[in-house]
Amino acid sequence: MKILIFGAGGMLGHDVRDVLVSVGHNVIPILRTDADLCDSVAVTHIFSQHPDVTWAINCAAYTAVDRAESEGELADTINGVAVANLASLCQKQGVHLIHFSTDYVFNGLGKAPYLETDICDPVNRYGASKRAGEVAFFESGVRGYVFRVQWLFGRYGVNFLSRISELAKERGALSIVGDQWGSPTWTIEIARAVLAVIAHEPAEGLYHFASQGYTTWFDFATYFLKLQNIPCTLSSISTEAYPTPAKRPLNSRLNCRKFLDLDIFTPLFWEESVKEYLKQGETRCV
Ligand SMILES: NC(=O)c1ccc[n+]([C@@H]2O[C@H](COP(=O)([O-])OP(=O)(O)OC[C@H]3O[C@@H](n4cnc5c(N)ncnc54)[C@H](OP(=O)(O)O)[C@@H]3O)[C@@H](O)[C@H]2O)c1
407 MKILIFGAGG MLGHDVRDVL VSVGHNVIPI LRTDADLCDS VAVTHIFSQH PDVTWAINCA
467 AYTAVDRAES EGELADTING VAVANLASLC QKQGVHLIHF STDYVFNGLG KAPYLETDIC
527 DPVNRYGASK RAGEVAFFES GVRGYVFRVQ WLFGRYGVNF LSRISELAKE RGALSIVGDQ
587 WGSPTWTIEI ARAVLAVIAH EPAEGLYHFA SQGYTTWFDF ATYFLKLQNI PCTLSSISTE
647 AYPTPAKRPL NSRLNCRKFL DLDIFTPLFW EESVKEYLKQ GETRCV
């Protein structure tokens with residue numbers, strides 16, 4: 407299958423590319439230098455260069471969650487307007503599109519894991535820009551899938567684990583937020599889910615996808631540092647005690663039953679995926 411990957415140089419894009427290539431798909435990685443997603447002429451040109459493409463995967467996004475509070479327009483342009491353009495192009499060309507969104511489309515005040523049908527109320531500016539992208543995707547009538555994912559870690563990006571590992575070695579004592587709940591999700595697992603979706607083409611639409619099991623940032627950090635035998639004194643603190651420019655949800659848990667019921671790929675529990683991630687090699691950007 408010939409597949410375009412936008413954002414192929416990002417943390418998720420890199421792994422999606424590697425996994426699809428490993429099974430023989432003909433992957434065309436698109437970097438910002440090939441086509442800025444906000445430049446509709448450049449994006450149209452990419453499609454005209456590859457008229458035989460059947461799938462496009464959009465891993466490109468504005469992902470600076472805190473900076474989005476002061477760069478809201480830029481976040482909207484990349485995560486909303488550019489997605490609308492990409493989805494409409496794919497719809498016209500008959501190309502299936504896979505796009506990614508976030509748990510931050512919810513306000514985090516719910517008591518249960520969120521379902522795809524739950525009402526969106528973005529917790530921050532980044533979440534609002536990603537919600538605009540979801541709406542644009544479905545308004546375009548494009549065929550394909552939107553996956554809401556969360557708490558990503560992977561070899562090709564700076565992420566919570568790479569930062570914790572670096573800070574623990576540097577300081578020997580850390581305070582980590584212990585009242586936010588979610589599922590740490592390895593980017594390779596998302597790439598495997600994408601592979602399964604392309605192979606099986608299940609019912610199109612919106613899906614939540616994350617590792618199995620839930621935890622807090624504090625327990626996630628504790629588990630990771632212990633596995634690596636990095637000595638560090640960790641204290642659990644509240645969200646209130648750790649103010650950030652962008653609000654974070656207390657309940658980020660996604661209910662992934664809709665995806666699991668497809669029975670095409672079962673993600674690992676988050677603890678297993680951390681072990682697998684460590685087996686596959688150190689993070690690149692620590
Ligand atoms: N990371 C998480 O914890 C998390 C959580 C929930 C949802 N998500 C979603 O998952 C997806 C993948 O995230 P990620 O963590 O892999 O992101 P990432 O590592 O920040 O990668 C994003 C990629 O998008 C590219 N990009 C940004 N603006 C662009 C533009 N205007 N034109 C072309 N390319 C552009 C970036 O290129 P440059 O390097 O050139 O800027 C980068 O390669 C995104 O949709 C994100 O919203 C991520």
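Residue numbering for the sequence shown is 407 to 692, as defined by my numbering. A virtual CB, placed ideally from N, CA and C, is assigned to each residue, including glycine.
Cβ-heavy atom distance between residue i and ligand 2 below 7 Å?
| i | result |
| --- | --- |
| Gln556 | This structure does not include ligand 2; its bound ligands are ligand 1. |
Rounded to the nearest angstrom, what separates residue i and residue j at their Cα positions?
| i | j | result |
| --- | --- | --- |
| Phe665 | Phe559 | 20 Å |
| Val692 | Ala448 | Here Val692 scores only 25 on pLDDT, less than 50, and its place in the model is too uncertain to base an answer on. |
| Ser428 | Gly419 | 14 Å |
| Pro637 | Ser568 | 15 Å |
| Met417 | Cys662 | 22 Å |
| Gly687 | Trp623 | 22 Å |
| Lys632 | Val680 | 12 Å |
| Val425 | Lys408 | 14 Å |
| Asp509 | Thr469 | 13 Å |
| Ser575 | Lys685 | One point to set straight first is that residue 575 is Lys, not Ser, in the sequence displayed. When rounded, the distance between both Cα atoms is 20 Å. |
For my contact list, residue i and residue j are in at a C-beta cut-off of 8 Å; report their separation, rounded to the angstrom.
| i | j | result |
| --- | --- | --- |
| His505 | Phe453 | That pair is no contact at about 16 Å. |
| Trp592 | Glu682 | 7 Å |
| Ser546 | Gln497 | 5 Å |
What residue does the beta strand (DSSP E) around residue i start on, and which one ends it?
| i | result |
| --- | --- |
| Tyr613 | 611-614 |
| Trp461 | 461-464 |
| Arg561 | No beta strand (DSSP E) holds Arg561; DSSP gives it neither H nor E. |
| Phe553 | 550-555 |
| Ala579 | 579-583 |
Just checking residue i against ligand 1 - is the residue's beta carbon closer than 7 Å to any of the ligand's heavy atoms?
| i | result |
| --- | --- |
| Ile452 | no |
| Phe630 | no |
| Cys662 | no |
| Ala693 | Because the chain is modelled from 407 through 692, residue 693 falls outside the range shown and cannot be assessed. |
| Arg561 | no |
| Leu410 | no |
| Cys444 | yes |
| Ile484 | yes |
Could you check whether residue j and residue i sit closer than 8 Å to each other, using their CB atoms as the reference points?
| i | j | result |
| --- | --- | --- |
| Ala652 | Asn530 | yes |
| Trp461 | Pro590 | no |
| Ala474 | Ala467 | no |
| Ile411 | Arg423 | yes |
| Ala597 | Phe671 | no |
| Tyr620 | Gly588 | yes |
| Gly578 | Ile643 | no |
| Asn657 | Lys517 | yes |
| Ala414 | Leu443 | no |
| Ala493 | Val548 | yes |
| Pro655 | Gly514 | yes |
| Val555 | Ala616 | yes |
| Tyr532 | Val471 | yes |
Where does the unbroken alpha helix (DSSP H) through residue i begin, and where does it stop?
| i | result |
| --- | --- |
| Ala605 | 593-606 |
| Leu684 | 676-685 |
| Leu410 | Run containing Leu410: none in the alpha helix (DSSP H); it sits in the beta strand (DSSP E), 408-412. |
| Val449 | 446-455 |
| Phe543 | 531-546 |
| Ala481 | 478-482 |
| Ile504 | Not the alpha helix (DSSP H): Ile504 falls in the beta strand (DSSP E), residues 502-508. |
| Tyr520 | Per DSSP, Tyr520 belongs to no alpha helix (DSSP H) and is neither H nor E. |
| Asn485 | Asn485 -> no alpha helix (DSSP H), and no H or E assigned at all. |
| Ser428 | 417-428 |
| Leu640 | Not the alpha helix (DSSP H): Leu640 falls in the beta strand (DSSP E), residues 639-643. |
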